[in-house]
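A.B. asks: I have a structure I would like to understand better, so I am pasting it below and will then ask my questions one at a time.
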Amino acid sequence: MDKLKQILTAKEIDERVSDIANQISHDFENSTPILLGVLKGSYIFLADLTRKMKIESEVEFVRLKSYNGNTSTNNVKILYDFNKSLEERDIIIIEDIIDTGNTLNFLCKKIQELNPRSISIASFLVKPESNKFRFKIDYIGFEIPSDFVVGYGLDFNEKYRNLDSLFCLISK
Ligand code: IMP
Ligand code: MG
Numbered sequence: 269m270d271k272l273k274q275i276l277t278a279k280e281i282d283e284r285v286s287d288i289a290n291q292i293s294h295d296f297e298n299s300t301p302i303l304l305g306v307l308k309g310s311y312i313f314l315a316d317l318t319r320k321m322k323i324e325s326e327v328e329f330v331r332l333k334s335y336n337g338n339t340s341t342n343n344v345k346i347l348y349d350f351n352k353s354l355e356e357r358d359i360i361i362i363e364d365i366i367d368t369g370n371t372l373n374f375l376c377k378k379i380q381e382l383n384p385r386s387i388s389i390a391s392f393l394v395k396p397e398s399n400k401f402r403f404k405i406d407y408i409g410f411e412i413p414s415d416f417v418v419g420y421g422l423d424f425n426e427k428y429r430n431l432d433s434l435f436c437l438i439s440k
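Start counting the sequence shown at 269; every next residue gets the next number (this note's numbering).
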């Protein structure tokens, strides 16, 4: 059995996601942004965020894979792509967590080529110690240490995504 230690409660997460939804609703009040969820980890954050937002929005998904077990690799692969035009649209990339930044670096370059009006980034979690690209993240849920975490969409070998709060995986 894996050993888990809670680091954020469901209430703390809910309050923070509400704040971000309000900020996004304010910043994009004259636009219909496309929220581009990075599967699979962002699905719960995206679902909660969109239900709390007070403006119209559209949702698309992309599926990328950079992790093997609990190790990030530089080799990012596209497993599922969208076919919607992003030209002249405001795009908000929705991430579960930014660790090394490899995934985001890859995705931003790809989106840029599709001539959107703007690209913003919302990430539920950021591990500032490892973000080697120094990306400007427009909306951050929580900054956490570099430990491996699960819950609220994040997995360890596909387990624990359904937990409604956030846990640190302390032993396997
Ligand atoms: P990066 O490319 O290193 O920034 O990692 C991006 C992806 O790795 C995230 O979108 C997650 O899917 C996964 N990941 C990174 N850190 C963790 C973690 O602590 N728990 C679960 N998944 C993680
Ligand atoms: Mg992810």
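Positions of the beta carbon are idealized from the N, C-alpha and C atoms, including for glycine.
Helix, strand or coil for ASN399 per DSSP?
C.D. replies: Residue mapping note: residue 399 aligns to position 131 of the sequence shown, counting from 1. Of the three classes helix, strand and coil, the one that applies to ASN399 here is coil, per DSSP.
A.B. asks: Regarding ILE220 and the ligand IMP, is the C-beta to nearest heavy atom distance less than 7 angstroms?
C.D. replies: Any answer about residue 220 is impossible in this case: the structure gives the chain only from 269 up to 440.
A.B. asks: Where does GLN293 fall in DSSP's three states?
C.D. replies: For this step, residue 293 is matched to residue 25 along the sequence shown. Looking at the sequence shown, residue 293 is not Gln but Ser. Correct three-state label for SER293: helix.
A.B. asks: Kindly indicate which residue of PHE374, SER293 and LEU272 has the alpha-carbon position closest to the one of PRO301.
C.D. replies: Within the sequence shown, residue 301 is the residue found at index 33, counting from 1. Of the listed residues, the one whose Cα sits closest to PRO301 is SER293.
A.B. asks: Taking the beta carbon of MET321 as the centre, do at least 16 other beta carbons fall within 10 Å, making it buried, or is it exposed?
C.D. replies: Here residue 321 corresponds to residue number 53 of the sequence shown, with the count starting at 1. Buried, by the Cβ-count rule.
A.B. asks: First and last residue of the beta strand (DSSP E) that includes ASP364?
C.D. replies: Walking along the sequence shown from the start, residue 364 turns up at place 96. That run of the beta strand (DSSP E) goes 358-366.
A.B. asks: Whole angstroms are fine: how far does the CA of ILE389 sit from the CA of SER286?
C.D. replies: On the sequence shown, position 18 is the one that residue 286 refers to. On the sequence shown, position 121 is the one that residue 389 refers to. Those two C-alpha atoms are separated by around 16 angstroms.
A.B. asks: Heavy atom of the ligand IMP less than 7 angstroms from the Cβ of SER439, yes or no?
C.D. replies: Working through the sequence shown from its first residue, we reach residue 439 at position 171. No, the ligand IMP has no heavy atom inside 7 angstroms of this Cβ.
A.B. asks: Using a threshold of 8 angstroms, state whether the C-beta atoms of THR318 and LEU332 are closer than that.
C.D. replies: Residue numbering aside, residue 318 sits at position 50 when the sequence shown is read from its first letter. Residue numbering aside, residue 332 sits at position 64 when the sequence shown is read from its first letter. No, the Cβ-Cβ distance between THR318 and LEU332 is not below 8 angstroms.
A.B. asks: I'd like to confirm something about ASN298: is its beta-carbon nearer than 7 angstroms to some heavy atom of the ligand IMP, or not?
C.D. replies: Reading the sequence shown from its first residue, position 30 is the one you call residue 298. Not under cutoff, so the answer is no.
A.B. asks: I'd like to know if the region 340-355 and the region 378-398 are in contact, where contact means that at least 3 CB-CB pairs between them fall below 8 angstroms.
C.D. replies: The region 340-355 is in contact with the region 378-398.
A.B. asks: Strictly by DSSP, which residues pair up with LYS328?
C.D. replies: In the sequence shown, counting from the first residue as 1, residue 328 sits at position 60. The identity of residue 328 in the sequence shown is Glu, whereas the question assumes Lys. DSSP output for GLU328 lists LEU304 as bridge partner(s).
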